[in-house]
Amino acid sequence: MKINIKNKKIVLYVAIILLFVAIVTIIILNTKNKNQYLSEPVPQKALSTSTKSVSIKDLAKWVDNEKNFLWEVKDDIQLEKVKQISEENGLKLIRSDESRVYHWLKNPKQIVYNISANILTVTGSDLLSVTDLTEVNSQTFNELFKKYFGLDFSFEVFKQEQRDTGETVYYAKRYIDEDSMIEIGSYMNQTDYIAVKGGKIVYAKLLLAEFLNTDKIVPLISRAQLDEFVNQTDYPKDFYPKMDVFNGDPVFEAIEYIDSEYKKLLNSINNCQTEDIQVVYLYKNMSQKYLTPVYKLNVLCSAEYKEKKYTIPGIMYLNAISPELISTEK
């Protein structure tokens, strides 16, 4: 009888311990889950504001509202490794602004490292090299970053362009995770590119910034909310028109280098209609502190110059998270 009582006590103790462990685990998991959602406002410095109006009413498909995380822009820079590339190739430092730009030169080769943006620009054959340039692809960019900077990034090479001077330019975007891409407000919205001629890299522009996942899930603003806010004057929004559609137009070529006339054409662009939408992460510079998901719209806009009407395609980036969760600089 005494043995049974003792066994019952042991079972009771074990049950109490297991119950205690289960309760603690549930509390920890619940706390963790609560912390996963962004609840405090974060700065939105990747976007400014634009007066261009845009309509999203004709969109046939809205974005899939999957998990989108807040990413932190790391403070790490690659100055010592960039110095090493410069010194090994005999380039001399001709400009040194410790908080902004370093410039090395040995005509015609040069290296410019923009610290504030963490972007490296290299001009000159043989300054950078990889094993095989017969077929440039995502692995080429991965190898380049690993070799010179010890960084392991994934890329998508989305376009190549043959230049009149003989080189082929390969444009790439970096993945921030398995599905999402980083973009920069630039010519092709690429994060990186290299130009190849005669089996050598003759110039390149590389984003060296690194990003850390905060594990904070950022809920996206709904279509109805975006439609309400998008054309308000203070809503974070950037517009990049694709002015190459004017190539060959005699009117445009006549004003291309006349600043006042060119601005008249640019200022007339408005009433943009959205063709499609996706979620990307937009990078501008190190000081933005965070990468937030933004909506990227491919748009067609109206313009008028000297009583002639034009249709101009462009890219528009819009803040994609609730206005209550962002803070903007005034």
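Be aware that the sequence shown starts at 0, since it is given in numbering that gives the first Met the number 0, and climbs by one per residue.
Glycine residues also receive a C-beta, built at the ideal position from the N, C-alpha and C atoms.
According to DSSP, residues forming a beta bridge with residue i
i	result
Pro235	Thr48
Val156	Ala171
Tyr147	Answer by DSSP bridge pairing: none, since Tyr147 is not bridged.
Phe68	Ile216
Pro42	Ser326
Pro292	Tyr280
Gly313	Pro240, Val298
Tyr304	Lys307
Leu92	Trp103
Met285	Its beta-bridge partners do not exist; DSSP assigns none.
Ser54	Gln272
Asp191	Ala171
Asn113	Val100, Ile118
Supposed contact pair residue j and residue i - C-beta distance, whole angstroms, cut 8 Å
i	j	result
Lys105	Val129	The Cβ separation is near 22 Å, so there is no contact.
Trp70	Thr213	7 Å
Lys241	Pro312	5 Å
Ile175	Leu290	7 Å
Val41	Leu324	7 Å
Lys196	Phe68	Going by Cβ atoms, the distance from Lys196 to Phe68 rounds to 39 Å, so no, they are not a contact pair.
Ala194	Glu166	4 Å
Gln159	Tyr169	5 Å
Ser52	Cys271	7 Å
Asn136	Val156	6 Å
Gly184	Tyr101	Not quite, the Cβ-Cβ distance comes to about 23 Å (not below 8 Å), so this is no contact.
Status (buried if at least 16 other CB within 10 Å, exposed otherwise) for residue i
i	result
Thr232	exposed
Thr273	buried
Glu227	exposed
Thr139	buried
Glu16	A small fix is needed here, since residue 16 is Ile in this sequence, not Glu. Burial call: exposed.
Gln277	exposed
Glu182	buried
Ala208	buried
Lys66	exposed
Gln77	buried
Ile320	buried
Ile93	exposed
Tyr186	exposed
Ala302	buried
Trp61	exposed
Tyr304	buried
Tyr36	exposed
Gln43	buried
Asn386	The requested residue 386 is not part of the displayed model; the chain covers only 0 to 329.
Gly123	buried
Asn188	buried
Asn32	Any reading at Asn32 must be qualified, since the residue scores a pLDDT of 48, below 50, and its modelled position is unreliable; the value itself is stated next. So Asn32 ends up on the exposed side.
Ala59	exposed
Ala253	exposed
Ala45	buried
Best match in the options for proximity to residue i [C-alpha to C-alpha]
i	options	result
Ile55	Gln43, Asn64, Arg94, Asn230	Asn230
Lys332	Leu205, Lys199, Lys66	Not covered by the structure: residue 332. The range shown for the chain is 0 to 329.
Thr50	Asn269, Phe144, Ser185, Thr164	Asn269
Met315	Tyr304, Leu299, Glu303	Leu299
Leu211	Gln35, Phe245, Leu126, Asp74	Asp74
Phe144	Tyr192, Lys108, Asn113	Tyr192
Ser95	Asn64, Val111, Pro107	Val111
Arg99	Lys108, Pro292, Val121, Ala116	Ala116
Ile220	Lys288, Thr122, Tyr239, Val293	Val293
Val217	Asn318, Lys108, Asp57, Leu58	Asn318
Glu79	Ser47, Leu119, Pro107, Asp57	Leu119
Thr327	Arg222, Tyr234, Val201	Tyr234
Lys199	Gln109, Asp275, Thr133	Thr133
Asn113	Phe157, Pro322, Lys82	Lys82
Asp125	Asp243, Ser137, Pro107	Pro107
Arg222	Asp275, Phe238, Asp163	Asp275
Lys288	Val72, Ser179, Asp57	Val72
Gln109	Asn246, Ser286, Asp243, Val201	Val201
is_contact[residue i, chain D] using C-beta, thresh 7 Å
i	result
Arg94	No chain D is part of this structure, which consists of one protein chain only.
> So, do the segment 146 to 166 and the segment 263 to 283 have three or more beta carbon pairs nearer to each other than 8 Å?
Replying inline: no
> Are the segment 279 to 294 and the segment 251 to 261 touching, with three or more C-beta to C-beta distances below 8 Å?
Replying inline: no
>> Taking 8 Å as the cut-off, does the segment 79 to 95 touch the segment 297 to 308 (at least 3 CB pairs, one atom from each stretch)?
In response: no
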